[in-house]
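J.:
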Amino acid sequence: MISLENISASIHQLLSANLSQTAVILIEMSIIALLAITLFALLGLILVFMERKVSAWIQIRLGPNRVGPKGIFQTTADTIKLALKEGFVPDGADKFLYKLAPFVVMIIAMMLLAPIAFAKNFAMWDLNIGVFFITAISSVSVIGILMAGWASNNQYSLLGAMRSGAQIISYEISAGMAILTIIVLTGSLQISEIVNSQSNGWWLFKGHIPAVIAFVIYIIAVTAETNRAPFDMAEAESELTGGFHTEYSGMRFALFFLAEYINIFIVCAVGATLFLGGWMPFHIGAWEGFNHIMDFIPSSVWFLGKTFFLIFVIMWFRWTFPRLRIDQLLNLEWKYLLPISLFNLLFMTLIAIKGWHF
Amino acid sequence: MITFLKQYFTDIYEAIVSLLKGMKLTGYYFTHHKEIITQEYPENRATLNLPERFRGEVVMPHDENNEHACTGCSACELACPNGTIKILNKFEVNAEGKKKKAIDTFVYHLELCTMCNLCIVACPTDAIKMAQTFEHSVFDRSLLTKKLNQPNSKLREGIE
């Protein structure tokens, strides 16, 4: 059976048979880099199109439908437009930081891709602190945003960046707590072990109510962390004209825009890995026949299906809920999400110690 | 303390319920594409589905005898907030030798009109109404100044 695991293994064998070890590593790394960049470009095109269609259908509109069949080439056309536009640098800006900021945001999004298991035994770097790595690196992206806001030399940008800082720093705590709730059950930070621990059922179902609460808190917190509506205080078109990327245009703006969607993909992939079993197929207890049919669906399809389901839920949030004010946003985190997730973690620890989970 | 906790959890419960209610509605719209109200305009010109109260331009309906209901009272001209309507009256001598006021020209500047509907509300005899035509673009601005009463039209009998 052809799977991503077999393909990567056979490429590795082919290369190691003919080349020295250093050359093999170099070639494999460049293949991975190429694949990552391709994935980014594809994800950008697909997710932006998906967002536009989802928003249109939710708002009883038709959405893009002119470029290509059903409008599927709309985002390609938009990308070409952005690539041809002038990358404008304001006179008063700090030129070096201004040009560096979009790349910082983008590189951090790329680094987050490393520990994610896309299919069975198919991850770039299955390091033993995978989840910790993701939470640690994702908090660095606020530096890119602050850099952009500060270097633009624009009050709107600076305000947006400051808000983004406050928001990401506070919501990271409850996102971390929600992740910890699952780590308590798995006892490992390694992504492959977390996925393997769910071979007899996903944590969302096995972990009783605390897992469900943790899942809800995780989704809320990552929506805030990726600066999306209803928590889009960093952009806030209506009051800050675009927040930290007010001054950006052309391809530099496109990088920020792309990084937002990549971050959504990554947080949803992590959410799918922790709560929905990553690439594990859906199994119901003792239904042998049903489980067997589910095993036939490739693991990469399971992973992408779960991830895109979570992305859809986050898009659903965006086009349904009203925006929060900045003080309401911080109220929600410090007065509601954080105490609840602390008690939730305590409760889950009790369950894990007593072995009450399935 | 107890009341505070009660309030705290009631708030959370009510927030979740109301958010789920919103998601239910948008989820319904997402799955039911027949609710879509957008129309693909140039393609569906033949089957355009305009709302009843859509306002395109002011017209003056004439019946088959080329008669209209405008007495030339100029209530519409006074009601118009931006001088879109200009009524030029004339005096006709009828069979009994009496002079009677009638409209000579009902001038309507479509380029100034904001489709506010105030003239139609002001008209005491329902002589003008809003039409649903909306493709008004022309190459010369003077074409937008329209004369609403048709040539040789008369006031309908019995309207004062």
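Note that the protein sequences, when read in sequence, are chains A and B. With my numbering, letter number 172 in the first sequence gets 172, and the count goes up by one each step, no holes. Here my numbering runs 358 ahead of the position in the second sequence, where the first position is 1. Glycine included, every Cβ here is placed at the ideal spot set by N, Cα and C.
Should A/P115 be labelled buried (16 or more other beta-carbon atoms within 10 Å of its own) or exposed?
T.: buried
J.: Determine the direct distance from the alpha carbon of A/N291 to that of A/G243, and round the result to whole angstroms.
T.: 49 Å
J.: Counting Cβ pairs, one atom from each stretch, are 3 or more of them under 8 Å apart for the region 200 to 209 of chain A and the region 238 to 258 of chain A?
T.: no
J.: Any idea which residues DSSP pairs B/V375 with across the strands?
T.: DSSP, once it has assigned bridges, lists no residue as partnering B/V375.
J.: Identify the continuous alpha helix (DSSP H) that holds A/Y261 and give its terminal residues.
T.: 250 to 275
J.: What three-state label does DSSP hand B/A460 in the structure shown?
T.: strand
J.: What residue from B/I517, B/N447, B/M418, B/Y387 has the CA that sits closest to A/I58's CA?
T.: Nearest option by C-alpha distance: B/Y387.
J.: Using 7 Å as the threshold, is the C-beta distance between A/A109 and A/A254 below it?
T.: no
J.: Starting from the C-beta of A/V105, find all residues in its chain whose C-beta is less than 8 Å away, skip the five residues before and the five after it, and write them out in chain order.
T.: S141, G144, I145, A148, L255, F256, A259
J.: For the beta strand (DSSP E) that contains B/T503, what are its first and last residues?
T.: 503 to 505
J.: From B/T463 to B/S495, what does the alpha carbon distance come to, in whole angstroms?
T.: 23 Å
J.: Got a sec: is the Cβ-Cβ distance from B/E515 to anything in chain A below 7 Å?
T.: no
J.: Straight-line CA distance for A/E374 to A/M251?
T.: Examination of residue 374 of chain A is not possible in this model, given that chain A is present from 1 through 358 alone.
J.: If you run the structure through DSSP and keep just helix, strand and coil, what is B/Y399?
T.: coil
J.: Does A/I58 get closer than 7 Å to chain B when you measure Cβ to Cβ?
T.: Residue contact with chain B for A/I58: present (Cβ-Cβ distance below 7 Å to some residue of chain B).
J.: Pop quiz: B/P439 and B/L468 are said to be a contact at Cβ under 8 Å. What is the actual Cβ separation, rounded to whole angstroms?
T.: Not quite, the Cβ-Cβ distance comes to about 15 Å (not below 8 Å), so this is no contact.
J.: Along the chain, where does the alpha helix (DSSP H) containing A/L15 start, and where does it finish?
T.: 4 to 18
J.: Is there at least one Cβ from chain B nearer than 7 Å to A/T38's Cβ?
T.: no
J.: Going by other Cβ atoms of all chains shown within 10 Å of its Cβ, with 16 needed for buried, is B/Q365 buried or exposed?
T.: The residue in question, B/Q365, is exposed, as its Cβ has fewer than 16 Cβ neighbours within 10 Å.
J.: Decide yes or no for the touch test of the region 321 to 337 of chain A against the region 151 to 161 of chain A: beta carbon pairs closer than 8 Å, at least 3 of them.
T.: no
J.: State yes or no: is the beta carbon of A/T371 nearer than 7 Å to at least one beta carbon in chain B?
T.: The first residue shown for chain A is 1 and the last is 358, placing residue 371 of chain A beyond what the model contains.
J.: Does the distance from the CB of A/A93 to the CB of A/S138 come in under 7 Å?
T.: no
J.: Given a cut-off of 7 Å, decide if B/V465 and B/K448 are closer than it, judged by their beta-carbon atoms.
T.: no
J.: Given a limit of 7 Å on CB to CB distance, which residues of the region 313 to 345 of chain A reach chain B?
T.: W316, W319, T320, F321, Y336
J.: Does the beta carbon of A/R61 come closer than 7 Å to any beta carbon on chain B?
T.: yes
J.: Could you say which of A/E193, A/L185, A/F317 lies nearest to A/L346 if we only look at CA atoms?
T.: A/L185
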